[in-house]
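Quick note on my numbering: the sequence shown kicks off at 6 and runs consecutively. Notes follow once the structure below has been shown.
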Amino acid sequence: MLPSLVIFDCDGVLVDSEPAANRVLAEMVTQAGLPTSVEECCTRYVGRTLESSITLIEKEIGRTLPAGWREELRRRETSAWENELVPVQGVEAVLHCLQQHDTAYCVASSGSKEKMHFTLGHTGLLPLVRDVLFSATEVARSKPFPDVFLHAAEGMGKLAEDCVVIEDSVLGAQGARAAGMRVFGYVADPYTDADGLERAGAEIFEDMRALPALLGLSSS
6 MLPSLVIFDC
16 DGVLVDSEPA
26 ANRVLAEMVT
36 QAGLPTSVEE
46 CCTRYVGRTL
56 ESSITLIEKE
66 IGRTLPAGWR
76 EELRRRETSA
86 WENELVPVQG
96 VEAVLHCLQQ
106 HDTAYCVASS
116 GSKEKMHFTL
126 GHTGLLPLVR
136 DVLFSATEVA
146 RSKPFPDVFL
156 HAAEGMGKLA
166 EDCVVIEDSV
176 LGAQGARAAG
186 MRVFGYVADP
196 YTDADGLERA
206 GAEIFEDMRA
216 LPALLGLSSS
């Protein structure tokens, strides 16, 4: 059965923001006193809201992060994205394919709408998704809880069981499955936890251009 709604995560699925973001975060967490590699950063924090990541970091280092830490992280991320950020290869064609088949789609991200407007705008994707952005900052609980996915489905007027989610994080896949939705796990970044995604119930794929066929749509 074709989905009535395709829900995309943003970072790592629509925009290739994770390499720069995790490099910057690993540097700053290390500077804060907790030596952290990019790989460890991906395992611990990908899929979380910034607030939940900060809570976890502070718990791990045993103290509150210094004043201005959050703002400095955003400044460094933005600087890196301005030089490095690109759309995920093939995703623009996927969105156009969904439009051609009258299949509804939206974005459900742990990031704020402000962040999504920047990253999607910088990559030229914002006109395709501007009116269908849903953020975990708008709900009570972030991923791995199902709240943001249920919020997106309700906002789009669709039943959860008729939705498909495209995720690259284990927390996101867990949240989507908790919402009763089918999940495809996009694995292109070498640090993406493919095994964890699969254990969370995601169906793994490595090339975004293959997605229309996986959804039962023709890519033409």
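Even for Gly, the Cβ is constructed at its ideal location relative to N, Cα and C. These numbers come from a predicted model, not from an experiment.
Self-check item: Simplified DSSP assignment, three categories, for Arg146
Solution: Here residue 146 refers to the residue found at position 141 when the sequence shown is read from its first residue. DSSP places Arg146 in the coil class of the three-state scheme, outside both helix and strand.
Self-check item: Sufficient close CB pairs (3 or more, under 8 Å) joining the stretch 47–62 to the stretch 25–35
Solution: Yes: the two stretches touch, three or more of their Cβ pairs being nearer than 8 Å.
Practice problem: Can you grab the Cα-Cα spacing for the pair Glu211 / Val192, in whole Å? | Solution: Taking the first residue of the sequence shown as 1, we reach residue 211 at position 206. Taking the first residue of the sequence shown as 1, we reach residue 192 at position 187. Their backbone Cα atoms lie some 5 Å apart in a straight line.
Quiz item: Excluding sequence positions up to five away, which residues of its chain have a Cβ less than 7 Å from the Cβ of Ser223?
Solution: Walking along the sequence shown from the start, residue 223 turns up at place 218. If we look at Ser223 and ignore the five residues flanking it on each side, its Cβ neighbours are Pro217.
Quiz item: With distances taken between CB atoms, is the gap from Cys111 to Phe139 smaller than 8 Å?
Solution: What you label residue 111 is simply residue 106 of the sequence shown in a count that begins at 1. What you label residue 139 is simply residue 134 of the sequence shown in a count that begins at 1. Closer than 8 Å, so yes.
Quiz prompt | Minimum length 4: unbroken alpha helix (DSSP H) runs contained in the stretch 13–57 | solution = Counting whole runs of 4 or more residues, the stretch 13–57 contains the alpha helix (DSSP H) stretches 23–36, 43–50.
Exercise. Could you name the residues that DSSP lists as bridge partners for Phe210?
Key: As a first step, residue 210 must be located in the sequence shown, where it is residue number 205. Paired residue(s): Tyr191.
Exercise. Please name the residue or residues paired with Ser114 in a DSSP beta bridge.
Key: Residue numbering aside, residue 114 sits at position 109 when the sequence shown is read from its first letter. Ser140, per the DSSP bridge assignment.
Practice problem: Put Leu130 into one of helix, strand or coil per three-state DSSP. | Solution: As a working mapping, residue 130 is identified with position 125 in the sequence shown. Leu130 carries a coil assignment under DSSP once its states are collapsed to helix, strand and coil.
Practice problem: Please work out which residues of its chain come closer than 8 Å, Cβ to Cβ, to Leu39, disregarding the five sequence neighbours upstream and downstream, and give them in chain order. | Solution: As a working note, residue 39 is residue 34 in the sequence shown. The answer, listed in chain order, is Ile62, Glu65, Ile66.
Quiz item: What are the start and end residues of the beta strand (DSSP E) that includes Val153?
Solution: Position 148 of the sequence shown, counting from 1, holds the residue named residue 153. Where Val153 is concerned, there is no enclosing beta strand (DSSP E), although the alpha helix (DSSP H) it sits in stretches over 152–161.
Quiz item: What residue does the alpha helix (DSSP H) around Val96 start on, and which one ends it?
Solution: Residue numbering aside, residue 96 sits at position 91 when the sequence shown is read from its first letter. In the DSSP annotation of this structure, the continuous segment of the alpha helix (DSSP H) that includes Val96 starts and ends at 96–105.
Quiz item: In three-state DSSP terms, what is Pro217?
Solution: Indexing the sequence shown from 1 puts residue 217 at position 212. In the structure shown, Pro217 sits in a helix (DSSP, three-state: H, G or I).
Exercise. Just mark Asn88 as buried or exposed, buried being the case when its beta carbon has 16 or more other beta carbons within 10 Å.
Key: As a first step, residue 88 must be located in the sequence shown, where it is residue number 83. Classification of Asn88: exposed, given that the 10 Å Cβ count is below 16.
Quiz item: Would you report the Cα separation of Gln179 and Gly129, rounded to the nearest angstrom?
Solution: Within the sequence shown, residue 179 is the residue found at index 174, counting from 1. Within the sequence shown, residue 129 is the residue found at index 124, counting from 1. Rounded to whole angstroms, Gln179 to Gly129 spans 29 Å at the Cα level.
Quiz prompt | Endpoints, the beta strand (DSSP E) within which Glu172 is located | solution = Reading the sequence shown from its first residue, position 167 is the one you call residue 172. It spans 168–172 - the beta strand (DSSP E) in which Glu172 sits, taken as one unbroken run.
Self-check item: Secondary structure of Val91, DSSP reduced to three states
Solution: On the sequence shown, residue 91 is found 86 positions in, with the first residue counted as 1. Val91: coil per DSSP, three-state reduction.
Quiz item: What did DSSP end up calling Leu10 once you bin it into helix, strand or coil?
Solution: Counting from 1 along the sequence shown, the entry for residue 10 is found at position 5. Here Leu10 sits in strand by DSSP.
Quiz item: For Ala109, which beta-bridge partners are listed by DSSP?
Solution: In the sequence shown, residue 109 corresponds to position 104, counting from 1. Answer by DSSP bridge pairing, in chain order: Leu10.
Quiz item: In chain order, what residues of the same chain have a beta carbon less than 6 Å from the beta carbon of Leu7, not counting five sequence neighbours either side?
Solution: Taking the sequence shown and counting its residues from 1, one reaches residue 7 at position 2. So the list reads Gly221, once near-sequence residues are dropped.
Exercise. Locate the alpha helix (DSSP H) running through Arg204, then write down its first and last residues.
Key: Here residue 204 refers to the residue found at position 199 when the sequence shown is read from its first residue. Per DSSP, the continuous alpha helix (DSSP H) segment holding Arg204 begins and ends at 199–204.
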